[in-house]
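Take a look at the structure set out below.
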Amino acid sequence: KAGVTQTPRYLIKTRGQQVTLSCSPISGHRSVSWYQQTPGQGLQFLFEYFSETQRNKGNFPGRFSGRQFSNSRSEMNVSTLELGDSALYLCASSPETSGYNEQFFGPGTRLTVL
Amino acid sequence: AQTVTQSQPEMSVQEAETVTLSCTYDTSESDYYLFWYKQPPSRQMILVIRQEAYKQQNATENRFSVNFQKAAKSFSLKISDSQLGDAAMYFCAYRSASGGNKLVFGAGTILRVKS
Chain A
1 KAGVTQTPRY LIKTRGQQVT LSCSPISGHR SVSWYQQTPG QGLQFLFEYF SETQRNKGNF
61 PGRFSGRQFS NSRSEMNVST LELGDSALYL CASSPETSGY NEQFFGPGTR LTVL
Chain U
1001 AQTVTQSQPE MSVQEAETVT LSCTYDTSES DYYLFWYKQP PSRQMILVIR QEAYKQQNAT
1061 ENRFSVNFQK AAKSFSLKIS DSQLGDAAMY FCAYRSASGG NKLVFGAGTI LRVKS
């Protein structure tokens, strides 16, 4: 099976712009979670989608949003970019939203905001 | 809210030796899961080992084992016969049994392996 894929891998934007990141989970996985990784704040949970519904949300401002499509692919959007949004964005997929299951991570999208 | 603390920002180990990475967590829940993830320079997060809180037996995966002390809320990772490929950032993570797939991560420990 192919692993979790994220596109694009690298992105450079300027302040005030918006950006959309994409995540394709492993085939058959219905749960997709997003994380932001920065040197200062570490790894922080953004949100989780399961069967097109947001199941969990972290403590991020409303500028961060996401969605999931019927094929389980997920996108996250950040509007009005700030310098502090520069980070590695990781997505992880899992077959379920509960239980003793492993989450498989993608390689990440490196976002740089200038 | 749950928190995870890794008190060792960086550790070093000689090749073939054993090293233990520390992790403590805080939760009021009784049912949860604990994980150790490895992130090499490629940034690809890889699951190393996992533990269910209701299991008293410590999990083991080849050269990796944990020391899970539920009462002390401690979850350390032991790496035996360290190899150069073990060099990476290691994250301890907590997941509630009722909170979906949300992982709460510690700050990480950089492990350096000397040849």
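Residue numbers (the numbering used here), protein chains in the order written: chain A, 1 to 114; chain U, 1001 to 1115. All C-beta atoms, glycine included, are put in the ideal place defined by N, C-alpha and C. Keep in mind the model is a prediction, meaning the values are calculated, not measured.
Next item on the list: Would you mind telling me which residues of chain U sit closer than 9 Å to residue 86(A), beta carbon to beta carbon, in chain order?
Entry: Counting from one through the first sequence, the residue named residue 86(A) turns up at place 86. Per Cβ cutoff of 9 Å: no residues; residue 86(A) is ~15 Å from chain U at best.
Margin query: Is it buried or exposed, residue 25(A), if we count other Cβ atoms within 10 angstroms and call 16 or more buried?
Written below: For this step, residue 25(A) is matched to residue 25 along the first sequence. Classification of residue 25(A): buried, given that the 10 Å Cβ count is 16 or more.
Item checked: Rounded C-alpha distance that separates residue 1068(U) from residue 1031(U) -> By one-based count along the second sequence, residue 1068(U) stands at place 68. By one-based count along the second sequence, residue 1031(U) stands at place 31. In a straight line, the C-alpha of residue 1068(U) is about 14 Å away from that of residue 1031(U).
Check: In chain order, what residues of the same chain have a beta carbon less than 7 Å from the beta carbon of residue 1115(U), not counting five sequence neighbours either side?
Finding: Position 115 of the second sequence, counting from 1, holds the residue named residue 1115(U). Taken in chain order, the residues that qualify are 1015 and 1084.
Notebook entry, point to check: Going by the beta-carbon positions, is the gap between residue 77(A) and residue 7(A) smaller than 7 Å?
Noted result: Residue numbering aside, residue 77(A) sits at position 77 when the first sequence is read from its first letter. Residue numbering aside, residue 7(A) sits at position 7 when the first sequence is read from its first letter. Cβ atoms of residue 77(A) and residue 7(A): not closer than 7 Å.
Checklist line | Sequence-distant residues of the same chain with beta carbon closer than 6 Å to residue 1010(U), five excluded per side | finding: Residue 1010(U) sits at position 10 when you count from the first residue of the second sequence. Closer than 6 Å at the Cβ level, and outside the excluded window around residue 1010(U), lie 1110.
Notebook entry, point to check: Measuring CB to CB, does residue 1093(U) end up less than 7 Å from residue 1035(U)?
Noted result: Numbered from its first residue, the second sequence carries residue 1093(U) at position 93. Numbered from its first residue, the second sequence carries residue 1035(U) at position 35. Taking 7 Å as the Cβ cut-off, residue 1093(U) and residue 1035(U) qualify as a contacting pair.
Margin query: Below 7 Å on C-beta distance, what does residue 1105(U) contact in chain A?
Written below: Locating residue 1105(U) in the second sequence gives position 105, where the first residue counts as 1. The contacting residues are 42 and 43.
Item checked: Residue-chain proximity (residue 1043(U), chain A), Cβ-Cβ < 7 Å -> What you label residue 1043(U) is simply residue 43 of the second sequence in a count that begins at 1. Chain A contact via Cβ: present.
Note to self: I need the boundaries of the beta strand (DSSP E) containing residue 1045(U), first residue and last residue.
What the structure shows: Counted from its first residue, the second sequence places residue 1045(U) at position 45. Where residue 1045(U) is concerned, there is no enclosing beta strand (DSSP E), given that its DSSP letter is neither H nor E.
Item checked: Euclidean distance between Cα positions of residue 1066(U) and residue 113(A) -> Sequence index remark: in the second sequence, residue 1066(U) carries index 66 (1-based). Sequence index remark: in the first sequence, residue 113(A) carries index 113 (1-based). Spanning the two alpha carbons is a distance of roughly 39 Å.
Check: DSSP on residue 1084(U), reduced to helix/strand/coil?
Finding: Taking the second sequence and counting its residues from 1, one reaches residue 1084(U) at position 84. Helix, per DSSP.
Next item on the list: Report yes or no: is there a C-beta of chain A within less than 7 Å of the C-beta of residue 1100(U)?
Entry: For the purposes of this step, residue 1100(U) is taken as the residue at position 100 of the second sequence. For residue 1100(U), at least one C-beta of chain A is nearer than 7 Å to its own C-beta.
Checklist line | Chain-ordered chain A contacts of residue 1091(U) [CB-CB under 9 Å] | finding: Position 91 of the second sequence, counting from 1, holds the residue named residue 1091(U). The contacting residues are 42 and 43.
Notebook entry, point to check: Where does residue 1026(U) fall in DSSP's three states?
Noted result: Working through the second sequence from its first residue, we reach residue 1026(U) at position 26. Looking at residue 1026(U) - three-state DSSP - the assignment turns out to be strand.
Item checked: Beta-bridge partners of residue 1094(U), as assigned by DSSP -> As a working mapping, residue 1094(U) is identified with position 94 in the second sequence. 1034(U) and 1104(U).
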